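Following: one structure in structure tokens, then a few remarks.
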Amino acid sequence: MVFKRHMYIAHNIKKHTCPLCKKKEAELLRESYVCENNKESFCCAVCKKTWANLEKAVAHIRTHTKEYLYSCEMCGQKFNTRGVLVRHMQVHQNKKPFACEYCDKSFSSKQNRDDHHRLHTKEVKTVCESCGDNLTSASMLYYHRKIHSGVNPYQCPYCEKAYSIRSLLKRHIRYHTGEKPHLCSVCGRGFKTSGQLRGHSAVHSDERPFSCDGCGASMKTKKYLIRHRRRKFYLKDKLCSICDKTFESTQEATDHTRIHTGEKPFTCHMCGKQFSHSGGLSYHLRHVHMGIKDHPCDICGRKFALKAAMQDHRRIHTGERPYVCDVCGKSFKSKASLYIHSKTHTDQFPHPCEYCNKKFRWRQQLLGHLTTHTGEKKHHCKICNKGFGVRNDLTRHERIHSGQKPFKCSVCGLAFGQKRYLKNHLKSRHGILRMENMEATSA
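Residue numbers for the sequence shown follow the numbering used here, beginning at 1060 and rising by one.
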């Protein structure tokens, strides 16, 4: 009888043999049937979850059997019941009839709206039996329980990380691929998650709802407030285990540590090039593969993929050097140049050579030094085919063929192909020991 009702309710078919279900589902459904005191219920034979409704029991069992019989004709996504498919179609139709009475958000289903309401009312719908955390919806409890289970069946194809929830894996993979599917309707900027997009949307608003309890300053987003408090009150508690440098956030500390370890977990899916942080991969995809350079220099017209890169370039024309070393007072055109320079004032050499006892301040120096041991010369001149261990040596060599002399003396106007030649010239001809007067021009 139960199987007949299942066939009729779920598939509208009054037969004993189900042409749509696998045998496993029917067996699980029969095993789940419980009748006590003339009351029917269904206790899942796999996870022991109980349902009073047959339709919900069928839908739940399909989460174990991985049977998704209903497909969306627009995006191809599959679902285990027709009702879930109907709710999903509202996403494509942009129908959100259920409005929140506390804010301007609206939702495609009443359940989602009610779950959202609890974020405003702080109402607790359910409590985790393992840790006592309060959850505002049954779905949040379902995903929260997976944290305690220790089971992570969703493996990243790019690295060794695994996740308990498929959505977390999808979000993680975007850090490898650089995909940013959530686009801002105002400026077109892309984001990896909808949460990041919501945070960015505040930039286009004049509202500043987040106030600092220390100085009274107001911020547009909670993220900006946290960053402000850390910088204002020097709350840098994240420590690099290698060089003892401190950071405002765990992510910043993790990104920095990769400078020491050489780890590059972000891989371009088009050419295989690897990067130490997601920003480098995003820039690479836009600049190299997509050819997107929508930030032009207003002086020479040269275009860049990043606004920051354009601003650094523009200072070549203006001569502006806004980044000043707080130790020696030397100024620089870019923040990166100041960071590299600041290493000269420290006694830290965190990059040791594996072949000899030498240590280096910068990883790039180490990579160049390693070629003296390995003999590797992967950078070749296109004109004479001479090989070099590092790209900078190749760049200097190519100026011999081109005649380019980008380093110009600001005293007499004489130009040189290499910076060290200009440095020697300033010292011997003009008695200038430091190179602040050097002007680099692009030929």
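Beta carbons are placed, not taken as given, at the ideal position from N, Cα and C, and that holds for glycine. Keep in mind the model is a prediction, meaning the values are calculated, not measured.
Where does Y1234 sit, in a helix, a strand or coil, going by DSSP?
Mapped onto the sequence shown, residue 1234 falls at position 175. Three-state result, Y1234: helix.
From C1471, T1180 and Q1149, pick the residue whose C-alpha is nearest to that of E1132; which is it?
Here residue 1132 refers to the residue found at position 73 of the sequence shown. The residue with the shortest Cα to Cα distance from E1132 is Q1149.
Suppose you measure from the CA of S1401 to the CA of I1358; what does that come to, to the nearest Å?
Position 342 of the sequence shown, counting from 1, holds the residue named residue 1401. Position 299 of the sequence shown, counting from 1, holds the residue named residue 1358. Going by the C-alpha atoms only, they are around 30 angstroms apart.
Roughly how many angstroms lie between the CA atoms of R1455 and P1465, to the nearest whole one?
Looking up residue 1455 in the sequence shown gives position 396. Looking up residue 1465 in the sequence shown gives position 406. Taking the straight line joining both Cα atoms gives about 11 angstroms.
P1355 versus D1163, I1285 and M1369, residue with shortest Cα-Cα distance:
As a first step, residue 1355 is located in the sequence shown; it is residue number 296 there, counting from the start. With distances taken between Cα atoms, P1355 lies closest to M1369.
How many angstroms separate the CA atom of F1419 from the CA atom of T1430?
Translated into the one-based positions of the sequence shown, residue 1419 becomes position 360. Translated into the one-based positions of the sequence shown, residue 1430 becomes position 371. When rounded, the distance between both Cα atoms is 14 angstroms.
N- and C-terminal bounds of the alpha helix (DSSP H) containing S1100:
Numbered from 1 along the sequence shown, position 41 holds the residue referred to as residue 1100. Per DSSP, S1100 belongs to no alpha helix (DSSP H); it is in the beta strand (DSSP E), K1098 to C1102.
Assuming K1184 and S1196 are in contact, meaning their beta carbons sit under 8 angstroms apart, how far apart are those beta carbons, in whole angstroms?
Position 125 of the sequence shown holds residue 1184. Position 137 of the sequence shown holds residue 1196. About 6 angstroms separates the two Cβ atoms, so the contact holds.
Tell me the rounded alpha-carbon separation between F1306 and R1373.
Residue 1306 sits at position 247 when you count from the first residue of the sequence shown. Residue 1373 sits at position 314 when you count from the first residue of the sequence shown. One C-alpha to the other measures close to 29 angstroms.
Alpha carbon to alpha carbon, how far is G1476 from Q1424?
The residue you call residue 1476 lines up with position 417 of the sequence shown. The residue you call residue 1424 lines up with position 365 of the sequence shown. The alpha-carbon atoms of G1476 and Q1424 are separated by roughly 21 angstroms.
From this set, C1187, K1164 and R1317, which residue's C-alpha is nearest H1176's C-alpha?
Counting from 1 along the sequence shown, the entry for residue 1176 is found at position 117. It is K1164.
Measuring alpha carbon to alpha carbon, tell me which residue in Y1234, S1244 and D1265 is nearest H1328.
Here residue 1328 corresponds to residue number 269 of the sequence shown, with the count starting at 1. Nearest of Y1234, S1244 and D1265 to H1328, Cα basis: Y1234.
Closest Cα partner of E1505 within the set H1207, C1218, H1489 and H1343:
Residue 1505 lies beyond the range of the chain shown here (1060 to 1502); nothing can be said about it.
Counting only the same chain and skipping the five closest in sequence on each side, list residues whose C-beta sits under 6 angstroms from that of D1272.
As a working mapping, residue 1272 is identified with position 213 in the sequence shown. Answer for D1272: no residue qualifies.
Tell me, to the nearest whole angstrom, how far the beta carbon of G1237 is from that of L1344; I am working on the premise that it is less than 8 angstroms.
On the sequence shown, residue 1237 is found 178 positions in, with the first residue counted as 1. On the sequence shown, residue 1344 is found 285 positions in, with the first residue counted as 1. With a Cβ gap of about 5 angstroms, G1237 and L1344 count as contacting.
Near T1500, what residues of its chain come up, given a Cβ to Cβ distance below 7 angstroms and the 5 sequence neighbours on each side ignored?
Taking the first residue of the sequence shown as 1, we reach residue 1500 at position 441. Confidence at T1500 is low in this model, with a pLDDT of 38, below 50, so the placement of that residue should be treated as unreliable; the coordinate-derived value is given next. Only P1465 and K1467 meet the Cβ criterion.
So if DSSP puts V1117 in a beta bridge, which residue, or which two residues, is it bridged to?
Counting from 1 along the sequence shown, the entry for residue 1117 is found at position 58. DSSP output for V1117 lists no bridge partner at all.
Assign L1284 to one of two classes, buried (16 or more other C-beta atoms within 10 Å of its C-beta) or exposed (fewer than that).
Reading the sequence shown from its first residue, position 225 is the one you call residue 1284. Its Cβ being crowded by 16 or more others within 10 Å, L1284 is buried.
Contact under 8 angstroms by Cβ, Y1213 with R1225:
By one-based count along the sequence shown, residue 1213 stands at place 154. By one-based count along the sequence shown, residue 1225 stands at place 166. Taking 8 angstroms as the Cβ cut-off, Y1213 and R1225 qualify as a contacting pair.
I'd like the span of the beta strand (DSSP E) that includes K1467, first residue to last.
Within the sequence shown, the letter at position 408 stands for residue 1467. K1467 -> beta strand (DSSP E) spans F1466 to C1468.
Reducing DSSP to helix, strand and coil, say where N1112 ends up.
Locating residue 1112 in the sequence shown gives position 53, counting from the first residue. Coil, per DSSP.
Nearest CA to the CA of A1261: which residue from G1247, C1274 and M1278?
Here residue 1261 refers to the residue found at position 202 of the sequence shown. Checked all of G1247, C1274 and M1278; the closest Cα to A1261 is M1278.
Taking the continuous alpha helix (DSSP H) assigned at L1200, which residues delimit it?
For the purposes of this step, residue 1200 is identified with residue 141 of the sequence shown, where counting begins at 1. Note, L1200: alpha helix (DSSP H), A1197 to S1208.
Which residues does DSSP list as the beta-bridge partners of K1362?
As a first step, residue 1362 must be located in the sequence shown, where it is residue number 303. Its beta-bridge partners are P1355.
Kindly indicate which three-state DSSP category K1229 falls into: helix, strand or coil?
To locate residue 1229, count along the sequence shown from 1; it is residue 170. Looking at K1229 - three-state DSSP - the assignment turns out to be helix.
Three-state secondary structure (DSSP) at N1451?
Stepping through the sequence shown from its first residue, residue 1451 is reached at position 392. It is helical.
Rounded to whole angstroms, what's the CA-CA distance from R1458 to T1313? Just pull it up for me.
Here residue 1458 corresponds to residue number 399 of the sequence shown, with the count starting at 1. Here residue 1313 corresponds to residue number 254 of the sequence shown, with the count starting at 1. Rounded to whole angstroms, R1458 to T1313 spans 38 angstroms at the Cα level.
If you count every other CB in all the chains shown that lies within 10 Å of the CB of S1337, and 16 or more means buried, which is it?
Taking the sequence shown and counting its residues from 1, the one referred to as residue 1337 is at position 278. Label assigned to S1337: buried.
Compare the Cα-Cα distances from C1302 to each of T1405, H1376, N1171 and G1446 and report the closest residue.
For the purposes of this step, residue 1302 is taken as the residue at position 243 of the sequence shown. Considering only alpha carbons, the answer is T1405.
Cut-off 7 angstroms between Cβ atoms - residues of its own chain near F1138, not counting five sequence neighbours on either side:
Taking the first residue of the sequence shown as 1, we reach residue 1138 at position 79. Y1127, Y1129, L1144 and H1147, listed in sequence order.
Classify Y1414: buried if its beta carbon has 16 or more other beta carbons within 10 angstroms, exposed otherwise.
Counting from 1 along the sequence shown, the entry for residue 1414 is found at position 355. Y1414 should be labelled exposed.
Is L1340 buried or exposed, if buried means 16 or more other CB atoms sit within 10 Å of its CB?
To locate residue 1340, count along the sequence shown from 1; it is residue 281. Per the 10 Å Cβ criterion, buried.
Identify the residues that DSSP records as bridge partners of K1418: which are they?
The residue given as residue 1418 occupies position 359 in the sequence shown. Its beta-bridge partners are P1411.
Closest to Q1152 by CA distance: which of I1206, W1421, P1240 and F1166 is it?
Locating residue 1152 in the sequence shown gives position 93, where the first residue counts as 1. Checked all of I1206, W1421, P1240 and F1166; the closest Cα to Q1152 is F1166.
I need the DSSP call for M1133, collapsed to helix, strand or coil.
As a working note, residue 1133 is residue 74 in the sequence shown. Of the three classes helix, strand and coil, the one that applies to M1133 here is coil, per DSSP.
Within 10 angstroms of its Cβ, does K1503 collect 16 or more other Cβ (buried), or is it exposed?
Since the displayed the chain opens at 1060 and closes at 1502, residue 1503 lies outside it and no answer follows.
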